[in-house]
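Asker: To start, I am sharing the structure in question, which I have written as structure tokens.
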């Protein structure tokens, strides 16, 4: 929260951020909270490469929701690209097979709420600055986290729970000094990320910005290998490339 106020001061404003659309700001904050809670639940069960390959469907999801919620027109070529892209996601997730992992569903949920966040950012940017959106999203995230915090006490430990569920209901332990420094660093990263995300989608169309997100796959393959010795399967890479190229085609058509 303090870091978001620093960005607000950087924009030349004083006092606390204000908004003319508090309902949309709250909904956007809830969507971000659900997106990244689901993301971290998936992270507890899946390799980084698999997660990023599934997240490649975000531009496809944004386009699909723009049609459903905003009434935007999409031609047959883009519908075909959407279908191919989601087939790539199915190739990665492999529902019904022995390789299916429940964590994949949480990543898909994360992508859905992330897409909703982008659409809400488009609607808010005409009145609210990037720092204002970052502030209200962080505030909602903080309040939602406080509401979620009693869950481990209410539910208790489940011995045979899936890793994603076990992560969500894991009991609290008081962090040491080193952990505190890591959390403070994550707070700075979060404030910076949410500010620059809002700034990017406020300044340019999604079709311009979204391709830059695709660089996350090689970066996460690298970290997965260096830290956990994870190597993505051929099926994951094939599904990722299907989703990648269909997403790029959709973004190319939107730019035209």
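Numbering (this note's numbering), first residue to last: 373 to 628.
Just so it is clear, CB atoms sit at the ideal spot from N, CA and C, and this is done for glycine as well.
The structure presented is a predicted model; accordingly, all values stated were derived computationally and were not measured.
1. Tell me the start and end of each unbroken alpha helix (DSSP H) in the region 385 to 456 that is at least 4 residues and wholly inside, in chain order.
2. First and last residue of the alpha helix (DSSP H) that includes residue 592?
3. Would you decide whether residue 615 is buried or exposed? Buried here means 16 or more other CB atoms lie within 10 Å of its CB.
4. Around the Cβ of residue 576, are there at least 16 other Cβ atoms within 10 angstroms (buried) or fewer (exposed)?
5. Let me check understanding here. Comparing Cα to Cα, which of 390, 488 and 383 lies closest to residue 508?
6. Closer than 6 Å by C-beta to residue 445: which residues in its own chain qualify, once you throw out the five before and the five after it? Chain order, please.
7. If contacts are defined as beta-carbon pairs under 8 Å, then residue 504 and residue 380 qualify, I think. What distance do you get, rounded to the angstrom?
8. Roughly how many angstroms lie between the CA atoms of residue 495 and residue 531, to the nearest whole one?
9. Leaving aside the five residues before and after residue 527 along the sequence, list all residues of the same chain whose C-beta is less than 7 Å from its C-beta, in chain order.
10. Beta-carbon separation of residue 585 and residue 416 under 9 Å?
11. According to DSSP, is residue 546 part of a helix, a strand, or is it coil?
12. Can the beta-carbon of residue 406 be found closer than 9 Å to that of residue 491?
13. On the CB-based measure, 16 or more other CB atoms within 10 Å of its CB, does residue 428 come out buried or exposed?
14. Around the C-beta of residue 499, are 16 or more other C-beta atoms found within 10 angstroms, so that it is buried, or is it exposed?
15. Considering only residues of the same chain and omitting the five flanking positions on each side of residue 397, which have a CB-CB separation below 6 Å?
16. Helix, strand or coil: which one does DSSP assign to residue 383?
17. Are the beta-carbon atoms belonging to residue 563 and residue 510 less than 9 Å from one another?
18. Please classify residue 556 as buried or exposed, where buried requires at least 16 neighbouring CB atoms within 10 angstroms.
19. Can the beta-carbon of residue 401 be found less than 9 Å from the beta-carbon of residue 516?
20. For my contact list, residue 481 and residue 426 are in at a C-beta cut-off of 8 Å; report their separation, rounded to the angstrom.
21. If you count every other CB in all the chains shown that lies within 10 Å of the CB of residue 566, and 16 or more means buried, which is it?
22. Compute the Euclidean distance between the alpha carbons of residue 536 and residue 374, then round it to the nearest angstrom.
23. Give a yes or no on whether the C-beta atoms belonging to residue 453 and residue 592 are separated by under 9 Å.
24. Can you grab the Cα-Cα spacing for the pair residue 462 / residue 501, in whole Å?
Answerer: Once the coordinates are examined:
1. You should have 394 to 415, 420 to 427 and 430 to 442.
2. Walking along the chain shown from the start, residue 592 turns up at place 220. Boundaries of the alpha helix (DSSP H) harbouring residue 592: 588 to 600, taken from the DSSP string.
3. The sequence position of residue 615 within the chain shown is 243, counting from 1. Buried: at least 16 other Cβ atoms inside 10 Å.
4. What you label residue 576 is simply residue 204 of the chain shown in a count that begins at 1. Residue environment analysis places residue 576 among the exposed positions, since fewer than 16 neighbouring C-beta atoms fall within 10 angstroms of its C-beta.
5. Along the chain shown, one-based indexing puts residue 508 at 136. Nearest C-alpha to residue 508: 390.
6. Locating residue 445 in the chain shown gives position 73, counting from the first residue. Excluding residues within five positions, none has a Cβ falling inside 6 Å.
7. Along the chain shown, one-based indexing puts residue 504 at 132. Along the chain shown, one-based indexing puts residue 380 at 8. Correct: roughly 7 Å between the Cβ atoms.
8. Locating residue 495 in the chain shown gives position 123, counting from the first residue. Locating residue 531 in the chain shown gives position 159, counting from the first residue. C-alpha separation (whole angstroms): 44 Å.
9. Numbered from 1 along the chain shown, position 155 holds the residue referred to as residue 527. Take residue 527, set aside five residues on each side of it, and the residues of its chain with a beta-carbon closer than 7 Å to its own are 541, in chain order.
10. As a working note, residue 585 is residue 213 in the chain shown. As a working note, residue 416 is residue 44 in the chain shown. No. Outside cutoff.
11. Here the question's residue 546 lines up with position 174 in the chain shown. When DSSP states are grouped into helix, strand and coil, residue 546 belongs to the coil group.
12. One-based indexing of the chain shown puts residue 406 at position 34. One-based indexing of the chain shown puts residue 491 at position 119. For residue 406 and residue 491, no; Cβs fall outside 9 Å.
13. Counted from its first residue, the chain shown places residue 428 at position 56. In summary, residue 428 is buried, with 16 or more beta-carbon neighbours lying within 10 Å of its beta-carbon over all protein chains present.
14. Position 127 of the chain shown holds residue 499. Its Cβ having fewer than 16 others within 10 Å, residue 499 is exposed.
15. Stepping through the chain shown from its first residue, residue 397 is reached at position 25. Leaving aside the five residues that flank residue 397 on each side, the residues in its chain whose CB is nearer than 6 Å to its CB run, in chain order, 391 and 508.
16. Within the chain shown, residue 383 is the residue found at index 11, counting from 1. When secondary structure is reduced to three states using DSSP, residue 383 falls in the coil class, being assigned neither helix nor strand.
17. What you label residue 563 is simply residue 191 of the chain shown in a count that begins at 1. What you label residue 510 is simply residue 138 of the chain shown in a count that begins at 1. Their beta carbons are under 9 Å apart, which means residue 563 touches residue 510 by this criterion.
18. Translated into positions along the chain shown, residue 556 becomes position 184. Exposed, by the Cβ-count rule.
19. Along the chain shown, one-based indexing puts residue 401 at 29. Along the chain shown, one-based indexing puts residue 516 at 144. It is a contact, given that the beta carbons lie within the stated cut-off.
20. Numbered from 1 along the chain shown, position 109 holds the residue referred to as residue 481. Numbered from 1 along the chain shown, position 54 holds the residue referred to as residue 426. Contact between residue 481 and residue 426 does not hold, since their C-beta atoms are separated by about 11 Å, which reaches or exceeds 8 Å.
21. By one-based count along the chain shown, residue 566 stands at place 194. Using a 10 angstroms sphere on the CB of residue 566, the tally of other CB atoms reaches 16 or more, which defines it as buried.
22. Translated into the one-based positions of the chain shown, residue 536 becomes position 164. Translated into the one-based positions of the chain shown, residue 374 becomes position 2. If you take the alpha carbons of residue 536 and residue 374, they lie about 30 Å apart.
23. For the purposes of this step, residue 453 is taken as residue 81 along the chain shown, with counting starting at 1. For the purposes of this step, residue 592 is taken as residue 220 along the chain shown, with counting starting at 1. Residue 453 places its beta carbon 9 Å or farther from that of residue 592.
24. Here residue 462 refers to the residue found at position 90 of the chain shown. Here residue 501 refers to the residue found at position 129 of the chain shown. If you take the alpha carbons of residue 462 and residue 501, they lie about 37 Å apart.
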